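Asks: Just so you know, we're using the working numbering here: the sequence shown kicks off at 712 and counts up by one.
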Amino acid sequence: MSTSLTTNPRSSSRIMVEFPKVRDVFEHFNAVTDAIAKEAFSLFQQRGGTNGKDWDDWLRAESELLRPVPIEMTESNDSYVIRAEVPGFDAKELNIQVEPSYVHIHGKAEQTKENKKDEQVKYSEVSARELCRRIDLPTAINPDKVSASLEKGVLELHLAKASPSKSIEVKAA
Numbered sequence: 712m713s714t715s716l717t718t719n720p721r722s723s724s725r726i727m728v729e730f731p732k733v734r735d736v737f738e739h740f741n742a743v744t745d746a747i748a749k750e751a752f753s754l755f756q757q758r759g760g761t762n763g764k765d766w767d768d769w770l771r772a773e774s775e776l777l778r779p780v781p782i783e784m785t786e787s788n789d790s791y792v793i794r795a796e797v798p799g800f801d802a803k804e805l806n807i808q809v810e811p812s813y814v815h816i817h818g819k820a821e822q823t824k825e826n827k828k829d830e831q832v833k834y835s836e837v838s839a840r841e842l843c844r845r846i847d848l849p850t851a852i853n854p855d856k857v858s859a860s861l862e863k864g865v866l867e868l869h870l871a872k873a874s875p876s877k878s879i880e881v882k883a884a
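See the structure below:
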């Protein structure tokens with residue numbers, strides 16, 4: 712399910728952007744896990760290959776590769792509102808997948824730097840920025856009734872709850 716993003720409705724201009732659907736969330740999570748594992752192994756090698764700090768290497772690699780996505784979720788009778796902090800990302804760099812039981816937020820922005828012919832880089836920390844967050848929802852939502860806005864680094868998702876199931880009475884003929 713892809714959803715559209717608009718700027719804050721209270722502002723004078725509106726921008727419509729289609730979020731591309733993440734092809735396969737599990738495939739993406741596997742790729743992220745592989746990247747973290749490679750970085751953790753690199754940190755392990757940098758420490759001289761001594762055992763006992765594997766978990767520290769993993770957590771450090773994870774924090775270097777993925778930015779945390781703090782969220783706030785509020786609930787009303789018929790909807791949820793999720794506010795996610797995504798500073799430094801614009802709408803084109805965010806992918807959102809909405810399913811009845813969860814929301815997946817993924818953002819990726821690559822920074823590039825051009826070097827002059829006579830420059831030789833000795834050290835650089837310019838790299839890709841990436842964020843990834845899956846939010847499990849307390850109850851099912853209707854993926855067709857979702858709206859999103861991005862303003863000042865805060866992504867706001869409005870998610871309509873799915874209609875509750877009804878019980879019907881069976882009458883004898």
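Cβ atoms here follow ideal geometry from the backbone N, Cα and C, with glycine treated the same way.
Only a predicted model underlies this, so the values are computations on that prediction, with no experimental measurement involved.
As a quick exercise: from 813, 800 and 868, pick the residue whose alpha carbon is nearest that of residue 842.
Replies: Translated into positions along the sequence shown, residue 842 becomes position 131. Closest by alpha carbon: 800.
Asks: From residue 793 to residue 785, what distance separates their C-alpha atoms?
Replies: Along the sequence shown, one-based indexing puts residue 793 at 82. Along the sequence shown, one-based indexing puts residue 785 at 74. Rounded to the nearest angstrom, the two C-alpha atoms are 7 Å apart.
Asks: Roughly how many whole angstroms lie between the Cα atoms of residue 742 and residue 810?
Replies: In the sequence shown, counting from the first residue as 1, residue 742 sits at position 31. In the sequence shown, counting from the first residue as 1, residue 810 sits at position 99. Distance between the alpha carbons of residue 742 and residue 810 is about 21 Å.
Asks: Could you tell me which residues DSSP puts in a beta bridge with residue 745?
Replies: Position 34 of the sequence shown, counted from the first residue, corresponds to residue 745. Per DSSP, none; premise fails for residue 745.
Asks: Starting from residue 858, trace the beta strand (DSSP E) both ways and give me its first and last residue.
Replies: The residue given as residue 858 occupies position 147 in the sequence shown. Its beta strand (DSSP E) spans residues 852-862.
Asks: Buried or exposed, going by whether 16 or more other CB atoms sit within 10 Å of the CB of residue 778?
Replies: By 1-based counting over the sequence shown, the position of residue 778 is 67. Looking at its Cβ environment, which holds 16 or more other Cβ atoms inside 10 Å, residue 778 is buried.
Asks: Indicate the three-state DSSP secondary structure (helix, strand or coil) for residue 751 in the structure shown.
Replies: The residue given as residue 751 occupies position 40 in the sequence shown. Note: residue 751 maps to helix in three-state DSSP.
Asks: Residue 861: which of 804, 766 and 773 sits nearest, CA to CA?
Replies: Reading the sequence shown from its first residue, position 150 is the one you call residue 861. Among 804, 766 and 773, the Cα nearest to that of residue 861 is on 804.
Asks: Where do the N-terminal and C-terminal ends of the alpha helix (DSSP H) with residue 774 fall, by residue?
Replies: One-based indexing of the sequence shown puts residue 774 at position 63. Taken as a continuous stretch (DSSP letters only), the alpha helix (DSSP H) holding residue 774 covers 765-776.
Asks: Please name the residue, chosen from 744, 782, 806 and 788, that lies closest to residue 865 on a Cα-to-Cα basis.
Replies: On the sequence shown, residue 865 is found 154 positions in, with the first residue counted as 1. Checking every option, the nearest Cα to that of residue 865 belongs to 782.
Asks: How many angstroms separate the CA atom of residue 751 from the CA atom of residue 767?
Replies: Position 40 of the sequence shown, counting from 1, holds the residue named residue 751. Position 56 of the sequence shown, counting from 1, holds the residue named residue 767. If I take the Cα positions, the gap works out to 9 Å.
Asks: Where residue 849 and residue 867 are concerned, what is the direct C-alpha to C-alpha distance, given to the nearest angstrom?
Replies: The count along the sequence shown starts at 1 and reaches residue 849 at position 138. The count along the sequence shown starts at 1 and reaches residue 867 at position 156. Between residue 849 and residue 867, the C-alpha separation is close to 18 Å.
Asks: Please state whether DSSP places residue 808 in a helix, a strand or coil.
Replies: Counted from its first residue, the sequence shown places residue 808 at position 97. Three-state result, residue 808: strand.
Asks: If the criterion is Cβ atoms closer than 8 Å, does the pair residue 780 and residue 795 meet it?
Replies: Within the sequence shown, the letter at position 69 stands for residue 780. Within the sequence shown, the letter at position 84 stands for residue 795. Going by C-beta atoms, residue 780 is nearer than 8 Å to residue 795.
Asks: Name the DSSP bridge partner or partners of residue 783?
Replies: Position 72 of the sequence shown, counting from 1, holds the residue named residue 783. Paired residues: 794.
Asks: By how many angstroms is the C-alpha of residue 775 removed from the C-alpha of residue 840?
Replies: Position 129 of the sequence shown, counted from the start, is the residue given in the question as residue 840. Position 64 of the sequence shown, counted from the start, is the residue given in the question as residue 775. One C-alpha to the other measures close to 9 Å.
Asks: Let me confirm a value: residue 814 is counted as buried when at least 16 other C-beta atoms fall within 10 Å, else exposed. Which label applies?
Replies: The residue given as residue 814 occupies position 103 in the sequence shown. Classification for residue 814: buried.
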